[in-house]
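Reminder that position 226 of the sequence shown reads as 271 in the numbering used here, one-by-one numbering, no gaps. Just so you know, even glycine gets a beta-carbon here, dropped at the ideal spot from N, CA and C. The structure displayed is predicted, hence computed values, not measured ones. Here is the structure we will look at.
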Amino acid sequence: MQNIIPGVAIPIDGLSIPVSRILGRNPGPMTGPGTNSYLIGKERLCLIDPGPVDEKQLSNFLEAIKGNKLEYILVTHTHGDHSPAAKMLQAETGAELVGIEAPDALGQDHTFSPSKIWGDGDEINCDEYKLRLIHTPGHVSNHICYLLIGEGLLFTGDHILQGTTSVILPPDGDMGAYLCSLQSLKDLPLRYLAPGHGAVMDNPAKEIQHLINHRMKRERKVLSGL
Numbered sequence: 046m047q048n049i050i051p052g053v054a055i056p057i058d059g060l061s062i063p064v065s066r067i068l069g070r071n072p073g074p075m076t077g078p079g080t081n082s083y084l085i086g087k088e089r090l091c092l093i094d095p096g097p098v099d100e101k102q103l104s105n106f107l108e109a110i111k112g113n114k115l116e117y118i119l120v121t122h123t124h125g126d127h128s129p130a131a132k133m134l135q136a137e138t139g140a141e142l143v144g145i146e147a148p149d150a151l152g153q154d155h156t157f158s159p160s161k162i163w164g165d166g167d168e169i170n171c172d173e174y175k176l177r178l179i180h181t182p183g184h185v186s187n188h189i190c191y192l193l194i195g196e197g198l199l200f201t202g203d204h205i206l207q208g209t210t211s212v213i214l215p216p217d218g219d220m221g222a223y224l225c226s227l228q229s230l231k232d233l234p235l236r237y238l239a240p241g242h243g244a245v246m247d248n249p250a251k252e253i254q255h256l257i258n259h260r261m262k263r264e265r266k267v268l269s270g271l
C-alpha cells in the first residue's frame, strides 16, 4: 500500500496518461483521510476537486503544476470539502472552472461559479487526453463524475467512496436518483475508480454492484418495518 502524504502528488499506476492523487489536509469523521484532488496531464493540466480553502494546500497545488499550464479546475460537487478552493486556485492560474452551480440547499459552496453551463456528456479536450462529464445526481443534485476517456478511469467524487458509503440527505439528496446513477455507470468501460475519499479501486463492476445491492437491502429492510 502506498504511503500517501497530504499535499504530495502521488502518481496512479497503470495509466498511459499521467494522473496523480493529492490528499487534502482535512482528515475527519466525514472526510476520512481527507479529500482527494487529482492532477491530470503532462503539459495541459486539469485538477479535480481542489477541496476546502487552505493556503498551504494551494502552495502544494502550485508546486505540482509548476512549469505547466493548468487549463481547467473540475469540481464533482459543491460541498465544502470539495469546491471552495476553486476560486482561489483560479485566481492564481487563470484556469477555467467546470461543474454545476450549487443547488439551494444547506452546506453548499455558493462561491463556485463555472464559466458556462456544463452538462451530461460534455467533453474537455486537452489534446493528449479527453474527459467526459457524467451527471450522477443522488448524493447531491449537481454531482458529476469525470471519465478519462480511453483509460477506463472514473473520478467519482462522493458518488462512490472507498471503504464506506455516500450520505444521501434529502431533500437535495435523492436515493432513487442515486441508484439510477449507479446503474448508468455499469455500461461504461471502466478499469479504475478514483474516489473523492479513500484509495483508488481496481474492480469497478464489483464495487458498483456491491453498492446497488447494499442500498437495495437497506431499502427492503426499511419497507419490511413499515
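Nearest by alpha-carbon distance to residue i: which of the options is it?
i      : options                : result
PRO215 : PRO78, ASP149, ILE253  : ASP149
ILE110 : TYR83, GLY96, ALA222   : TYR83
ALA136 : SER158, LEU151, GLY152 : SER158
HIS255 : VAL245, LEU206, ILE213 : LEU206
GLY69  : GLY96, GLY197, MET261  : GLY96
ILE50  : ASP154, ASP58, GLY79   : GLY79
Taking 7 Å as the limit between beta carbons, can you name the residues of its chain near residue i, skipping five residues before and five after?
i      : result
CYS171 : GLY86, ARG89, CYS91, GLU116
THR39  : This structure gives no information on residue 39, because the portion of the chain shown stretches from 46 to 271.
ASN105 : GLY52, ILE67
PRO182 : HIS188, ASP219, ALA222, SER226
ALA244 : GLN207
THR156 : PRO129, LYS132
Should residue i be listed as close to the ligand GDP, given that the test is whether its C-beta is under 8 Å from any heavy atom?
i      : result
PRO249 : Absence of the ligand GDP from the depicted structure is noted, as is the absence of any ligand whatsoever, leaving it without description.
Going by DSSP in three states, residue i sits in which element: helix, strand or coil?
i      : result
PRO240 : strand
ASN105 : helix
ALA54  : strand
ASN258 : helix
ILE85  : strand
LEU227 : helix
LYS111 : coil
GLU116 : strand
GLU284 : The chain is shown only over 46 to 271; residue 284 falls outside these bounds and no answer can be derived.
GLU141 : strand
Give the C-beta separation of residue i and residue j to the nearest angstrom, bearing in mind that I take them to be a contact with Cβ-Cβ under 8 Å.
i      : j      : result
ALA147 : THR123 : 4 Å
SER65  : GLU196 : Not a contact, Cβ separation roughly 14 Å.
Excluding five sequence neighbours on each side, which residues of the same chain lie with their C-beta closer than 6 Å to the C-beta of residue i?
i      : result
THR201 : CYS190, LEU238, PRO240
Given residue i, which residues of its chain have a CB within under 8 Å of its CB, disregarding the five upstream and five downstream residues?
i      : result
SER229 : ILE179, THR181
ILE194 : GLU168, TYR174, LYS175, LEU176, ARG177
LYS224 : The sequence as given places Leu at residue 224; Lys does not occur at that position. Excluding residues within five positions, the ones whose Cβ falls inside 8 Å are GLY183, ILE257, ARG260, MET261.
- Length at least 3, wholly inside the region 148-211: the beta strand (DSSP E) runs in chain order: Entirely contained in the region 148-211, the beta strand (DSSP E) runs reaching 3 residues are, in chain order, 168-170, 175-180, 189-193, 198-202.
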